[in-house]
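Contents: one structure, followed by commentary.
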Amino acid sequence: MYRNESGVPEKKIQPWDFIFDATIILFLVIAVVICVYPFIYVLSVSVSSGAAVNRGDVMLLPVDLNFEAMKTVLHYKQLWISYGNTFFYTLVGTVCNVIFTCLAAYPLSRKKFFLRRQMNFLLAFTMYFSGGLIPIYIIVTRLGFYNSRWVMIVPVLISAYNVMICRSAFEAISEELFEEAAIEGANDFYILTKIAVPLIKPTLAVLTLYYAVSRYNDFYTAMLYISEPGKEPLQVFLRRILLQASMEITQTTNINMGAVSQSSIQVRYVCIVVAVIPIMLIVPLVQKYLVQGTMLGAVKG
Amino acid sequence: MGKKKKKTDAGGNGKSFRQLMFRDRYLLYMLIPVVIYYLVFCYLPMTGLIMAFNQYQVGSGFLGIYTSRFVGLKWFRQFFGSIYLPRLVRNTFLLQFYSLIFGFPIPILFAIAVTQIGSLRLQKSVQVCTYLPYFISTVVVCGMINNFLSPTGGIINQLLNKAGIDSINFMNLPQWFRPVYVISGSWQTFGFNSIIFVAAIMGISPDLYEAMRVDGANRRQIIWHLVLPSIRPTIILLLIMSLGTMMSVGFEKVYLLYNTAVYETADVIQTYVYRQGIQSNNYSYATAVGLFNSVINFAIVFTANRISRRVSDTAIW
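What follows is the structure, given as structure tokens:
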């Protein structure tokens with residue numbers, strides 16, 4: 007190691023520095039490629055011709071551009087039924103999630119609240135200990151939630167972890183603001199909706215993203231409590247197609263058996279494309295807030 | 190001023206419980222739905238753990254949880270005597286352990302590498318690419334794994350064939366389950382998990398960089414003597430926190446990826462509870478196994494927290 011008085015040595019490029027920089031660039035390129043390539047590959051397979059896919063010609067870009075598999079999938083009714091269900095669960099679920107998270111986080115963030123410590127403890131306790139699968143299953147089914155659309159919304163109403171993120175954001179608001187509002191005679195509902203919530207918009211954006219993604223991706227709840235095809239969300243449908251090798255899509259169309267075996271892997275990849283598109287569109291939009299949300303969670307969580 | 194202070198820091202000096210309830214009534218109104226939710230879906234199920242000590246009959250409904258015949262530790266004895274216990278504990282632990290060993294350093298290395306990029310816009314773009322897999326559903330990730338590794342038409346086997354290697358039936362070979370689980374898990378989370386390290390590195394004062402540069406330090410020296418020491422507290426904290434999850438494997442991914450051929454390395458406590466309880470209707474036995482897992486988890490988190498408090502002054506509670 008050398009320590010000169012002046013800034014001169016910066017210009018001296020040593021072979022080790024070059025290797026070091028090259029390693030970093032290589033590492034980053036690999037990281038980006040392994041994260042992006044699988045999706046490009048899936049997309050390319052789904053819009054290539056069945057024959058090219060079968061020969062194993064598709065590696066990066068589509069070969070013999072062809073939308074047959076895409077058409078087959080998009081004409082399948084159950085896909086749209088499950089998509090519609092997921093849309094409903096995600097929209098209503100996320101709105102309820104965010105509202106109830108604010109309702110939980112705001113009182114827990116108020117320093118003057120006389121039950122603050124106790125309530126915070128009861129909340130944190132649920133993160134580390136739970137009744138487990140079976141008691142929850144019995145209670146949820148006994149409450150009449152089995153095969154009800156509300157099962158995708160009510161039992162997953164509040165995530166304690168997200169409440170803590172939200173609570174930290176409320177706590178970061180200057181206390182004087184609350185005091186002034188209280189002196190003006192505003193009650194806590196008014197303060198929450200008109201003052202506190204507008205001030206934590208970036209955090210709420212992140213929470214909305216987290217909740218929306220979990221509602222959209224929720225497979226577990228549906229697996230346990232939903233058996234009617236008319237109410238199943240997209241993830242259950244995807245599981246049948248992607249992991250249980252269900253031929254339901256190809257069977258409905260009038261393709262001969264040779265074409266069926268050709269297109270079955272394509273059909274699956276088209277389903278992946280269809281399922282992933284909404285996520286790909288939303289994540290970049292919210293990404294500038296992600297850091298903030300994650301950091302707040304880490305501080306308290 | 191004095192009046193204000195009293196209002197903020199007092200939990201309720203000299204006020205009766207009823208006065209406090211009246212003062213904070215709006216906060217209490219807000220909490221009513223929240224409390225109902227937590228009572229019904231979190232604390233009521235906890236009381237349901239009593240099932241682990243009785244003989245719950247399927248069909249005896251909700252009250253059956255509390256009124257079934259008491260059998261003491263019967264289910265625990267059955268589980269401790271079964272051949273499943275060592276296998277389940279081993280699989281659960283090893284999946285998490287390998288995930289930690291393999292998955293923990295990558296976000297740190299990535300964060301260091303990505304912050305070396307000069308242009309902030311390029312850095313953000315690279316980061317967004319690596320976040321994407323984190324938000325994809327477990328079903329889709331498992332579907333991609335399953336189809337990429339498929340011996341008929343999966344891209345990995347196509348590549349192996351081109352290199353002159355025979356197809357490998359990854360999903361049906363027990364020795365492949367752990368690598369597949371760990372590598373795919375790391376793929377999915379490294380970008381997102383790096384956020385916190387990137388933020389820590391970006392938080393280092395530019396003056397410190399400048400000072401080192403003036404002293405003639407090169408990139409390697411800056412990373413070694415400035416960046417790494419600066420993010421060490423974050424690393425330690427996250428390491429301890431992930432130790433707390435040593436015995437809790439995410440149910441979904443194992444459930445979606447495994448099959449009877451790979452139970453030997455893939456079956457974990459959570460999936461066993463699901464099969465015994467929901468699929469075979471052995472509710473009480475499954476509850477006992479689940480309780481066993483919960484207690485171990487709780488003990489581990491508790492210990493991790495104690496260590497954290499001692500080592501880094503940062504504790505979860």
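Chains as they are written, first to last, in my numbering: chain S, 7 to 307; chain B, 190 to 506. Each residue gets a CB set at the ideal place from its N, CA and C atoms; glycine is no exception.
Simplified DSSP assignment, three categories, for residue i
i	result
Asn-243 (chain B)	strand
Met-435 (chain B)	coil
Leu-109 (chain S)	helix
Arg-116 (chain S)	coil
His-414 (chain B)	helix
Ala-192 (chain S)	coil
Ser-50 (chain S)	helix
Ser-339 (chain B)	coil
Asp-404 (chain B)	coil
Leu-232 (chain S)	Per the sequence shown, residue 232 (chain S) should be read as Ile rather than Leu. Three-state result, Ile-232 (chain S): coil.
Phe-151 (chain S)	coil
Leu-67 (chain S)	coil
Pro-239 (chain S)	coil
Gln-305 (chain B)	coil
Met-253 (chain S)	coil
Gly-138 (chain S)	coil
Gln-20 (chain S)	coil
Ser-356 (chain B)	coil
Asn-494 (chain B)	helix
Ile-178 (chain S)	The sequence shown places Ala at residue 178 (chain S), not Ile. Coil, per DSSP.
Tyr-273 (chain B)	helix
Phe-440 (chain B)	helix
Asp-27 (chain S)	helix
Whole-angstrom distance between residue j and residue i, CA atom to CA atom
i	j	result
Phe-242 (chain B)	Trp-264 (chain B)	7 Å
Tyr-287 (chain B)	Glu-441 (chain B)	18 Å
Ile-295 (chain B)	Phe-379 (chain B)	6 Å
Phe-458 (chain B)	Gly-479 (chain B)	The residue asked about is misnamed: residue 458 (chain B) is Ile in this sequence, not Phe. Rounded to the nearest angstrom, the two C-alpha atoms are 7 Å apart.
Thr-460 (chain B)	Val-443 (chain B)	7 Å
Asp-198 (chain B)	Arg-116 (chain S)	Summary for Asp-198 (chain B): the model assigns pLDDT 43, below 50, so the residue's position carries little reliability; its value from the coordinates is reported in the next sentence. Each residue's alpha carbon lies about 10 Å from the other.
Ala-477 (chain B)	Pro-234 (chain B)	13 Å
Phe-487 (chain B)	Gln-347 (chain B)	45 Å
Val-387 (chain B)	Pro-222 (chain B)	38 Å
Leu-274 (chain B)	Arg-464 (chain B)	15 Å
Asn-262 (chain S)	Asn-358 (chain B)	Below a pLDDT of 50, predicted positions are generally treated as unreliable, and Asn-262 (chain S), at 49, falls in that range; the measurement from the model is reported next regardless. In a straight line, the C-alpha of Asn-262 (chain S) is about 28 Å away from that of Asn-358 (chain B).
Val-278 (chain B)	Met-76 (chain S)	44 Å
Leu-397 (chain B)	Ile-385 (chain B)	20 Å
Ser-52 (chain S)	Ser-233 (chain S)	29 Å
Arg-155 (chain S)	Ala-281 (chain S)	20 Å
Gly-56 (chain S)	Leu-71 (chain S)	10 Å
Phe-268 (chain B)	Tyr-474 (chain B)	8 Å
Phe-211 (chain B)	Phe-45 (chain S)	57 Å
Ala-228 (chain S)	Asn-153 (chain S)	9 Å
Thr-1 (chain S)	Leu-311 (chain B)	Chain S is shown only over 7 to 307; residue 1 (chain S) falls outside these bounds and no answer can be derived.
Ser-399 (chain B)	Asn-407 (chain B)	Note on identity: in this sequence residue 399 (chain B) is Glu, with Ser being the wrong assignment. Distance between the alpha carbons of Glu-399 (chain B) and Asn-407 (chain B): 11 Å.
Val-39 (chain S)	Arg-499 (chain B)	41 Å
Residues bridged to residue i [DSSP beta-bridge criterion]
i	result
Arg-246 (chain S)	According to DSSP, Arg-246 (chain S) bridges with nothing at all.
Phe-259 (chain B)	B:Asn-243
beta-carbon residue i near the ligand ZN non-hydrogen atom, thresh 7 Å
i	result
Pro-395 (chain B)	In the structure on display, the ligand ZN does not appear, and there are no ligands present to speak of.
Integer-rounded CB distance, given that residue j should sit under 8 Å from residue i
i	j	result
Leu-244 (chain S)	Cys-277 (chain S)	6 Å
Tyr-82 (chain S)	Ile-255 (chain S)	5 Å
Pro-363 (chain B)	Val-451 (chain B)	5 Å
Pro-239 (chain S)	Asn-91 (chain S)	5 Å
Thr-492 (chain B)	Gln-285 (chain B)	Incorrect: roughly 15 Å between the Cβ atoms, too far for contact.
Ala-300 (chain B)	Ile-390 (chain B)	6 Å
Ala-88 (chain S)	Val-297 (chain S)	A quick correction: the sequence has Ser, not Ala, at residue 88 (chain S). No, Ser-88 (chain S) and Val-297 (chain S) are not in contact; Cβ-Cβ is about 34 Å, not under 8 Å.
Val-369 (chain B)	Gly-292 (chain B)	Not a contact, Cβ separation roughly 14 Å.
Thr-281 (chain B)	Met-436 (chain B)	6 Å
Cys-331 (chain B)	Leu-445 (chain B)	4 Å
Val-279 (chain S)	Leu-49 (chain S)	6 Å
Met-125 (chain S)	Ala-166 (chain S)	12 Å between Cβ atoms; not a contact.
Leu-216 (chain B)	Phe-119 (chain S)	5 Å
Exercise. Between the region 378 to 393 of chain B and the region 321 to 333 of chain B, are three or more C-beta pairs nearer than 8 Å?
Worked result: By the Cβ criterion, the region 378 to 393 of chain B is in contact with the region 321 to 333 of chain B, since at least three pairs of Cβ atoms, one from each stretch, lie closer than 8 Å.
Problem set entry | Three or more C-beta pairs below 8 Å linking the region 134 to 150 of chain S and the region 76 to 92 of chain S | By the Cβ test, the region 134 to 150 of chain S is not in contact with the region 76 to 92 of chain S, since fewer than three Cβ pairs between them sit closer than 8 Å.
Exercise. Is there contact between the region 423 to 434 of chain B and the region 205 to 225 of chain S, where contact requires at least three CB pairs shorter than 8 Å?
Worked result: These segments do not touch.
Problem set entry | Stretch pair the region 253 to 273 of chain B + the region 189 to 208 of chain S: three plus CB contacts closer than 8 Å | With contact defined as three or more Cβ pairs closer than 8 Å, the region 253 to 273 of chain B and the region 189 to 208 of chain S are not in contact.
Problem set entry | Touch test, the region 299 to 309 of chain B against the region 21 to 34 of chain S, Cβ-Cβ under 8 Å, three pairs minimum | A contact exists between the region 299 to 309 of chain B and the region 21 to 34 of chain S.
For this session: Could you tell me whether the region 164 to 173 of chain S touches the region 123 to 133 of chain S, where touching means 3 or more Cβ pairs closer than 8 Å?
Result: Result yes; three or more Cβ-Cβ pairs closer than 8 Å.
Exercise. Is the number of C-beta pairs between the region 403 to 412 of chain B and the region 363 to 372 of chain B that are closer than 8 Å three or more?
Worked result: In short, these stretches do not touch, since the Cβ pair count stays below three.
Exercise. Contact between the region 211 to 226 of chain S and the region 61 to 69 of chain S: three or more CB pairs below 8 Å?
Worked result: They do not touch, by the three-pair rule.
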